[in-house]
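Number of protein chains: 2
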Amino acid sequence: MEQQIIDPLQNLNLEQQQQKTTEQKSLSPPPPQSLNEVEKMIGYDFKNKELLKEAFTDASYKTEDGVSYERLEYLGDSVLNHLIAKLHYVLYKSMAPGELTRLRAANVDTEALARAALKYDLHKYLRHRKPLLDVQIQEFMEGILEYPSHSYGMIDPPKVLADILESLIGAIFLDTNSSMDDTWKVVERLLQPLITPETLMQHPVAKFHEACQKSGLKPYANDMWNKTGEIEIYINDEVIGRGCYKLKKIIAVNRAAHDAYKNQFGNKDGGIGA
Amino acid sequence: MEQQIIDPLQNLNLEQQQQKTTEQKSLSPPPPQSLNEVEKMIGYDFKNKELLKEAFTDASYKTEDGVSYERLEYLGDSVLNHLIAKLHYVLYKSMAPGELTRLRAANVDTEALARAALKYDLHKYLRHRKPLLDVQIQEFMEGILEYPSHSYGMIDPPKVLADILESLIGAIFLDTNSSMDDTWKVVERLLQPLITPETLMQHPVAKFHEACQKSGLKPYANDMWNKTGEIEIYINDEVIGRGCYKLKKIIAVNRAAHDAYKNQFGNKDGGIGA
Numbered sequence: 001m002e003q004q005i006i007d008p009l010q011n012l013n014l015e016q017q018q019q020k021t022t023e024q025k026s027l028s029p030p031p032p033q034s035l036n037e038v039e040k041m042i043g044y045d046f047k048n049k050e051l052l053k054e055a056f057t058d059a060s061y062k063t064e065d066g067v068s069y070e071r072l073e074y075l076g077d078s079v080l081n082h083l084i085a086k087l088h089y090v091l092y093k094s095m096a097p098g099e100l101t102r103l104r105a106a107n108v109d110t111e112a113l114a115r116a117a118l119k120y121d122l123h124k125y126l127r128h129r130k131p132l133l134d135v136q137i138q139e140f141m142e143g144i145l146e147y148p149s150h151s152y153g154m155i156d157p158p159k160v161l162a163d164i165l166e167s168l169i170g171a172i173f174l175d176t177n178s179s180m181d182d183t184w185k186v187v188e189r190l191l192q193p194l195i196t197p198e199t200l201m202q203h204p205v206a207k208f209h210e211a212c213q214k215s216g217l218k219p220y221a222n223d224m225w226n227k228t229g230e231i232e233i234y235i236n237d238e239v240i241g242r243g244c245y246k247l248k249k250i251i252a253v254n255r256a257a258h259d260a261y262k263n264q265f266g267n268k269d270g271g272i273g274a
Numbered sequence: 001m002e003q004q005i006i007d008p009l010q011n012l013n014l015e016q017q018q019q020k021t022t023e024q025k026s027l028s029p030p031p032p033q034s035l036n037e038v039e040k041m042i043g044y045d046f047k048n049k050e051l052l053k054e055a056f057t058d059a060s061y062k063t064e065d066g067v068s069y070e071r072l073e074y075l076g077d078s079v080l081n082h083l084i085a086k087l088h089y090v091l092y093k094s095m096a097p098g099e100l101t102r103l104r105a106a107n108v109d110t111e112a113l114a115r116a117a118l119k120y121d122l123h124k125y126l127r128h129r130k131p132l133l134d135v136q137i138q139e140f141m142e143g144i145l146e147y148p149s150h151s152y153g154m155i156d157p158p159k160v161l162a163d164i165l166e167s168l169i170g171a172i173f174l175d176t177n178s179s180m181d182d183t184w185k186v187v188e189r190l191l192q193p194l195i196t197p198e199t200l201m202q203h204p205v206a207k208f209h210e211a212c213q214k215s216g217l218k219p220y221a222n223d224m225w226n227k228t229g230e231i232e233i234y235i236n237d238e239v240i241g242r243g244c245y246k247l248k249k250i251i252a253v254n255r256a257a258h259d260a261y262k263n264q265f266g267n268k269d270g271g272i273g274a
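Here the protein sequences come in this chain order: X and P.
If you use UniProt numbering, the first sequence corresponds to residues 1 to 274, in order.
If you use UniProt numbering, the second sequence corresponds to residues 1 to 274, in order.
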């Protein structure tokens, strides 16, 4: 067994360990639904319908003009980050920058955005040729049943779902003639319910680590991820937590820490997934 | 000698290796110059002078109301990132997101912002109790003489200089009633000259690595940073580059790669520092 003191657990080598999911090209992309429905759903009518179309075109779709949502996503990301930064700056007048950063991250990370996109069925309107996407989305939908608000790294959101939301935000921003206020009116609805300081949870590794420090416990990890996709957490030669996820090590680690916390310290504080 | 194949050089363990510079408290802070001068210099008159004052108050100064520029800096960072993202989105209509990201990063990284702050002498107006700051600024001023536009990681900009610029941007944004357009008018001037796709350089490690790959060379590094602050780069048992910087390993590595590139491939392409 390889023993590692988990202080912090993040010391496990997590880089470059995401296994690539193969995405074969399918010949017949799913027929996109009418984008009018998106406009109704999000409560915003585009003046320039081309922007809306661009926002819902994945690079895999290969249009004649080579357009895809990637540039809109880049722009939308900066719009969204600013909108949430400003909201929090105004709402939480005495919050320190570190806390503001953590709160914003939880609201705009891949999982939060993927959840919002799914809630509005935005993926159904995406023009793409990614045959595995439906399976990934299905898995994500099953995953979030266990974690009603945010899993904090315990499930694996398909990045494309978050991308759609960001590209849509970029498109709205341009369509409103770069009006942050008008964009916010739409975005605020899309992101409900926002995570607040009251509902913000600690990431499982930080939470477990902190509890161990308080109790003077020295946990260590048995890293079998390369072989089995599994991480075990030990205290005093006894397994107290296990986590498994073959595609991304960080998720296996988070699950192991969450499991270990639950077993070692109970879950009476309404913690993650409680 | 510890041999390491540098493929990429970034494999050198660069985390947590920045030595903390000790900052003793001085009893008498330098008397701040009048903030009117800042307004004249940047061409913007604050309606709310308190915002301006807040933007120029470091946490070390310990005001009675506990105000410092940190929250304004957080806000200003999101404003600046969005402004540059939008500018590039509009200017470079066919640029891929990866390139947009790289171009933005070069324009808003600590060094770029520190250079702008220094150009307008903004540090002279900062209320702080950091007796070592003047020395650090002096070193930075000497460093940039060698690299007229951007050193791409070869010199060590004092973070506080970049912070002042971001907090100033946050203050202007609030003072203009959250007008991105009005804020941009000031920011655009402050950041001149912006780095463009034509003037954007590769980071030294990437540049060296790429040239080695093209030439089929296999460089490796001798990492003596922990002992002497030095990194040596070898090809076939021969030292071809050296870099030294005791406070931050990444800077020693960048300097070594730059030196190795110069010695191995010449510097005829108008490269960094040419």
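The beta-carbon is built from N, C-alpha and C at its ideal position, and this holds for glycine as well.
Practice task
Starting from Arg242 (chain X), follow its DSSP beta bridges and name the residues at the other end.
Solution key: X:Glu232
Practice task
For Glu99 (chain X), decide whether its Cβ has a neighbour in chain P, counting only Cβ atoms nearer than 8 Å.
Solution key: no
Exercise for the section: Tell me, please, which residues DSSP counts as bridged to Thr57 (chain P). Expected result: P:Arg127
Problem - Per-residue burial, Lys249 (chain X) [other beta carbons within 10 Å of its own, 16 or more giving buried] - result: Buried, because 16 or more other Cβ atoms sit within 10 Å of the Cβ of Lys249 (chain X).
Handout entry: Interface residues of chain P facing Glu70 (chain X) [CB-CB closer than 8 Å]
Key = Ala96 and Pro97
Problem - Cβ-Cβ distance between Leu55 (chain P) and Leu168 (chain P) below 8 Å - result: One detail in the question is off: residue 55 (chain P) reads as Ala in this sequence, not Leu. Contact flag set, yes.
Handout entry: Residue environment, Thr199 (chain P), which counts as buried when at least 16 other CB atoms sit within 10 Å
Key = exposed
Problem - Environment of Met201 (chain P) [buried if 16+ CB atoms lie within 10 Å] - result: buried
Practice task
Could you check the C-alpha separation between Asp134 (chain X) and Asp163 (chain X) for me, to the nearest Å?
Solution key: 15 Å
Exercise for the section: Output the distance between the C-alpha atoms of Ala256 (chain X) and Glu232 (chain X), rounded to the nearest integer angstrom. Expected result: It is roughly 6 Å from the alpha-carbon of Ala256 (chain X) to the alpha-carbon of Glu232 (chain X).
Exercise for the section: For the region 98-123 of chain X, enumerate the residues whose C-beta is nearer than 8 Å to any C-beta of chain P, in chain order. Expected result: Leu100 and Thr101
Handout entry: Contacts around Leu80 (chain P), its chain only, beta-carbon distance under 7 Å, and the 5 residues preceding and following it disregarded
Key = Val108, Glu166, Ile169 and Val187
Practice task
Put Ala211 (chain X) into one of helix, strand or coil per three-state DSSP.
Solution key: helix
Exercise for the section: Excluding the 5 residues preceding and the 5 following His203 (chain X) in the sequence, name in chain order all residues of the same chain whose CB lies nearer than 8 Å to its CB. Expected result: Tyr152, Gly153 and Asn254
Handout entry: Cα-Cα separation between Met95 (chain X) and Ala96 (chain P), rounded to whole angstroms
Key = Cα-Cα distance, rounded: 36 Å.
Problem - For Ile195 (chain X), the three-state DSSP class (helix, strand or coil) - result: Here Ile195 (chain X) sits in coil by DSSP.
Practice task
Report yes if the C-beta distance between Leu52 (chain X) and Leu174 (chain X) is below 8 Å; otherwise report no.
Solution key: no
Practice task
Express the C-alpha separation of Ile251 (chain P) and Lys227 (chain P) in angstroms, rounding to a whole number.
Solution key: 15 Å
Practice task
Reducing DSSP to helix, strand and coil, say where Tyr152 (chain X) ends up.
Solution key: coil
Problem - Start and end residues, alpha helix (DSSP H) containing Leu83 (chain P) - result: Glu70 to Leu91
Practice task
Return the chain-ordered list of same chain residues with a C-beta closer than 6 Å to the C-beta of Leu75 (chain P), the five sequence neighbours on each side being excluded.
Solution key: Gly170
Practice task
Flag this pair as yes or no: are the beta carbons of Leu161 (chain X) and Leu191 (chain X) separated by less than 8 Å?
Solution key: No; because the gap between Cβ atoms is not below 8 Å, this pair is not in contact.
Problem - Residues near Phe265 (chain X) in its chain [Cβ-Cβ closer than 7 Å; skip 5 each side] - result: Ala211
Exercise for the section: Determine the DSSP secondary structure at Asn107 (chain P), reduced to helix, strand or coil. Expected result: Three-state result, Asn107 (chain P): helix.
Practice task
For the alpha helix (DSSP H) holding Asp181 (chain X), just list the boundary residues, first then last.
Solution key: Met180 to Leu190
Practice task
In the DSSP assignment, find the alpha helix (DSSP H) that holds Asp121 (chain P) and state where it starts and stops.
Solution key: Counting along the chain, Asp121 (chain P) falls outside any alpha helix (DSSP H), and DSSP gives it neither H nor E.
Problem - Span of the alpha helix (DSSP H) around Gly170 (chain P) - result: Lys159 to Asp175
Practice task
Would you verify that the beta carbon of Leu75 (chain X) is, or is not, closer than 8 Å to some beta carbon of chain P?
Solution key: Using a CB distance cut-off of 8 Å, Leu75 (chain X) counts as an interface residue toward chain P.
Practice task
With a threshold of 16 other CB atoms inside 10 Å of the CB of Gly66 (chain P), please say whether the residue is buried or exposed.
Solution key: In the assembly as shown, Gly66 (chain P) is an exposed residue. Its beta-carbon has fewer than 16 other beta-carbons within 10 Å.
Problem - For Leu217 (chain P), the three-state DSSP class (helix, strand or coil) - result: In the three-state scheme derived from DSSP, where H, G and I count as helix and E and B as strand, Leu217 (chain P) is classed as coil.
Handout entry: Pairwise C-alpha distance: Arg129 (chain X) and Leu27 (chain X)
Key = Reliability fails at Leu27 (chain X), whose pLDDT of 42 lies under 50, so the model's placement of it is uncertain and the value that follows must be treated cautiously. So the alpha carbons of these two residues sit roughly 8 Å apart.
Handout entry: heavy atom of the ligand GTP below 7 Å from Met141 (chain X) C-beta
Key = No copy of the ligand GTP appears in this structure; indeed no ligand is present at all.
Practice task
Taking the CB atoms as reference points, tell me whether Asp58 (chain P) and Leu126 (chain P) lie closer together than 8 Å.
Solution key: Yes; because the gap between Cβ atoms is below 8 Å, this pair is in contact.
Exercise for the section: Using a Cβ cut-off of 9 Å, pull out every chain X residue sitting near Lys86 (chain P), in sequence order please. Expected result: Residues of chain X passing the Cβ test: Leu75, Ser78, Val79, Phe173 and Ser178.
Practice task
Tell me where the alpha helix (DSSP H) around Lys249 (chain X) begins and ends.
Solution key: Residues Lys249 to Phe265.
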